[in-house]
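*Asks:* Next up is a structure, given as structure tokens.
Structure representation (structure tokens):
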């Protein structure tokens, strides 16, 4: 009887997901990514609750969203300043902030995590909220490198768990990688696709493989540029110029590493190398390791492959 009841419950919850439109979104993490996603969702008429551990972080996040909206308005409503102010007020009314993740998830159609890139921390977060969220709430992670399957394993809603990988800066970048695992239901996957489209983004469907699509191609490309330089086959300046002028890339690989963060690049490649140590594409770089050990992470610290001070 318990099994039968569970099956009926699961069938009902799947039906709810199938027919539901994502309107209420809870975003965990008030950093640059979380705030960016919140801004875009609020701008497209979604009700957003942005959650973090302190009021100070959230106030900074809210101020950042307002500042970003003012830049949007300056271009979009150049000849209509009053309409621009009205737009900002309307968007900000759709954003609320909270330090109580448990309470915030009670009315969420979608719970989206954009916190530190640490598997254990993500698992703990989702494991706790899985017990508090309604059965129909879809869970998603904005991870760029960790397996969605591993994150989802901490919950009992494997069929309602997927990945939504946004790109920085979120308001500007049009792409969203929608990631489905072997247990993500088609209804959940379709809901995540439709939500991405509702945000005005262009979604692409991804399998739960290392780096999904973009980073799986981009990170080995950056690492090969480092190896090319380490072998003495080109200066970082010449390699950057060659890829910008020869391939039409907006940034060279060393500039891109500095923009992404050398610590982030190292974290990703170390994780992949641990899982697949014999893959030459995932081999570490001594130069990258040296710079990270020295605290030179790129633009965010003022120095990486280049100096920014």
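Numbering (my numbering), first residue to last: 1 to 309.
Yeah, the Cβ is synthetic: ideal placement off N, Cα and C, and Gly gets one too.
So, residue 201 versus residue 174, is the Cβ gap smaller than 8 Å?
*Replies:* The residue given as residue 201 occupies position 201 in the chain shown. The residue given as residue 174 occupies position 174 in the chain shown. It is a contact, given that the beta carbons lie within the stated cut-off.
*Asks:* Quick one: grab the DSSP three-state call for residue 143.
*Replies:* Residue numbering aside, residue 143 sits at position 143 when the chain shown is read from its first letter. Coil.
*Asks:* List the whole-angstrom C-beta distance separating residue 28 from residue 101, where the pair is believed to meet the contact cut-off of C-beta under 8 Å.
*Replies:* Position 28 of the chain shown holds residue 28. Position 101 of the chain shown holds residue 101. That belief holds up - the Cβ atoms of residue 28 and residue 101 are roughly 6 Å apart, short of 8 Å.
*Asks:* If you scan the stretch 47–117 from start to end, which runs of the alpha helix (DSSP H) of 4 or more residues do you find wholly inside it?
*Replies:* The stretch 47–117 contains these whole alpha helix (DSSP H) runs: 55–76, 81–93, 101–104.
*Asks:* Report the residue ranges of all beta strand (DSSP E) runs contained in full by the stretch 170–229; include only those spanning at least 3 residues, in chain order.
*Replies:* Listed in chain order, they are 175–180, 202–207.
*Asks:* Return helix, strand or coil for residue 252, following the three-state DSSP convention.
*Replies:* Position 252 of the chain shown holds residue 252. DSSP places residue 252 in coil when its eight states are reduced to three.
*Asks:* Counting C-beta neighbours from all protein chains within 10 Å, is the total for residue 259 16 or more, i.e. buried, or is it exposed?
*Replies:* To locate residue 259, count along the chain shown from 1; it is residue 259. Exposed, since its Cβ has fewer than 16 Cβ neighbours within 10 Å.
*Asks:* Who are the near neighbours of residue 170 in its chain, counting only those whose CB is closer than 6 Å to its CB and skipping five residues on each side?
*Replies:* Position 170 of the chain shown, counted from the first residue, corresponds to residue 170. Cβ within range, chain order: 36, 37, 40.
*Asks:* Going along the chain, which residues of its own chain have a beta-carbon closer than 7 Å to the beta-carbon of residue 11, five neighbours each way excluded?
*Replies:* Position 11 of the chain shown, counting from 1, holds the residue named residue 11. Note on residue 11: pLDDT 42, under 50, position unreliable in the model; no value is reported.
*Asks:* Using a Cβ-Cβ cutoff of less than 7 Å, which residues in the same chain neighbour residue 87 once the five nearest sequence positions on both sides are dropped?
*Replies:* Your numbering for residue 87 matches position 87 in the chain shown. The answer, listed in chain order, is 73, 77.
*Asks:* State yes or no: is the C-beta of residue 174 nearer than 7 Å to some heavy atom of the ligand ZN?
*Replies:* Absent from the structure shown: the ligand ZN. Ligands present: none.
*Asks:* Could you spell out where the alpha helix (DSSP H) holding residue 291 opens and where it closes?
*Replies:* The residue you call residue 291 lines up with position 291 of the chain shown. 286–293 is the span of the alpha helix (DSSP H), which, as asked, contains residue 291.
*Asks:* With 16 as the cutoff for other CB atoms within 10 Å, does residue 262 come out buried or exposed?
*Replies:* As a working note, residue 262 is residue 262 in the chain shown. Residue 262 should be labelled buried.
*Asks:* Determine the direct distance from the alpha carbon of residue 145 to that of residue 268, and round the result to whole angstroms.
*Replies:* Indexing the chain shown from 1 puts residue 268 at position 268. Indexing the chain shown from 1 puts residue 145 at position 145. Their Cα atoms are separated by approximately 6 Å.
*Asks:* Do the CB positions of residue 312 and residue 250 come within less than 8 Å of each other?
*Replies:* Because the chain is modelled from 1 through 309, residue 312 falls outside the range shown and cannot be assessed.
*Asks:* State yes or no: is the C-beta of residue 125 within less than 8 Å of the C-beta of residue 164?
*Replies:* On the chain shown, position 125 is the one that residue 125 refers to. On the chain shown, position 164 is the one that residue 164 refers to. Against a cut-off of 8 Å, the Cβ pair of residue 164 and residue 125 comes out as no contact.
*Asks:* On the premise that residue 107 lies in contact with residue 52, defined as a C-beta separation below 8 Å, what is that separation, rounded to the nearest angstrom?
*Replies:* Stepping through the chain shown from its first residue, residue 52 is reached at position 52. Stepping through the chain shown from its first residue, residue 107 is reached at position 107. Between residue 107 and residue 52 the Cβ distance is about 18 Å, and since that is not below 8 Å, they are no contact.
*Asks:* Nearest-angstrom Cα distance between residue 218 and residue 82?
*Replies:* Position 218 of the chain shown holds residue 218. Position 82 of the chain shown holds residue 82. Taking the straight line from one Cα to the other gives about 42 Å.
*Asks:* I need the straight-line Cα distance from residue 19 to residue 188, nearest angstrom please.
*Replies:* The residue you call residue 19 lines up with position 19 of the chain shown. The residue you call residue 188 lines up with position 188 of the chain shown. Residue confidence is low: residue 19 scores 49 on pLDDT, short of 50, so the model does not pin down where it sits. No coordinate-derived value is stated.
*Asks:* Tell whether a beta-carbon distance below 8 Å holds between residue 162 and residue 179.
*Replies:* Translated into positions along the chain shown, residue 162 becomes position 162. Translated into positions along the chain shown, residue 179 becomes position 179. Taking 8 Å as the Cβ cut-off, residue 162 and residue 179 qualify as a contacting pair.
*Asks:* Does the separation of the CB atoms of residue 137 and residue 91 fall below 8 Å?
*Replies:* To locate residue 137, count along the chain shown from 1; it is residue 137. To locate residue 91, count along the chain shown from 1; it is residue 91. Taking 8 Å as the Cβ cut-off, residue 137 and residue 91 do not qualify as a contacting pair.
*Asks:* With respect to the beta strand (DSSP E) encompassing residue 162, which residues constitute its N-terminal and C-terminal limits?
*Replies:* Here residue 162 refers to the residue found at position 162 of the chain shown. Element bounds for residue 162: 161–166.
*Asks:* Check for me: the alpha helix (DSSP H) holding residue 22 runs from which residue to which?
*Replies:* Stepping through the chain shown from its first residue, residue 22 is reached at position 22. Unbroken run through residue 22: none, as it is neither H nor E.
*Asks:* Shortest alpha-carbon distance to residue 153 belongs to which of 241, 264, 181?
*Replies:* Position 153 of the chain shown, counting from 1, holds the residue named residue 153. When only C-alpha atoms are compared, the closest one is 181.
*Asks:* Measuring straight from C-alpha to C-alpha, what distance separates residue 309 and residue 185?
*Replies:* Counting from one through the chain shown, the residue named residue 309 turns up at place 309. Counting from one through the chain shown, the residue named residue 185 turns up at place 185. Taking the straight line from one Cα to the other gives about 49 Å.
*Asks:* So, helix, strand or coil for residue 309, using DSSP?
*Replies:* Counting from one through the chain shown, the residue named residue 309 turns up at place 309. Three-state DSSP puts residue 309 in coil, outside helix and strand.
*Asks:* Nearest to residue 140 by CA position, among 22, 216, 293, 58, is which residue?
*Replies:* In the chain shown, the residue the question calls residue 140 occupies position 140. Closest option to residue 140, Cα to Cα, is 22.
*Asks:* Note down, in chain order, each residue of its chain lying with its Cβ closer than 8 Å to the Cβ of residue 183, except the 5 sequence neighbours on either side.
*Replies:* Along the chain shown, one-based indexing puts residue 183 at 183. 149, 152, 158, 159, 161, listed in sequence order.
*Asks:* Any idea which residues DSSP pairs residue 138 with across the strands?
*Replies:* Reading the chain shown from its first residue, position 138 is the one you call residue 138. Answer by DSSP bridge pairing, in chain order: 110.
*Asks:* For residue 234, which of helix, strand or coil comes out of DSSP?
*Replies:* Counted from its first residue, the chain shown places residue 234 at position 234. Three-state DSSP puts residue 234 in coil, outside helix and strand.
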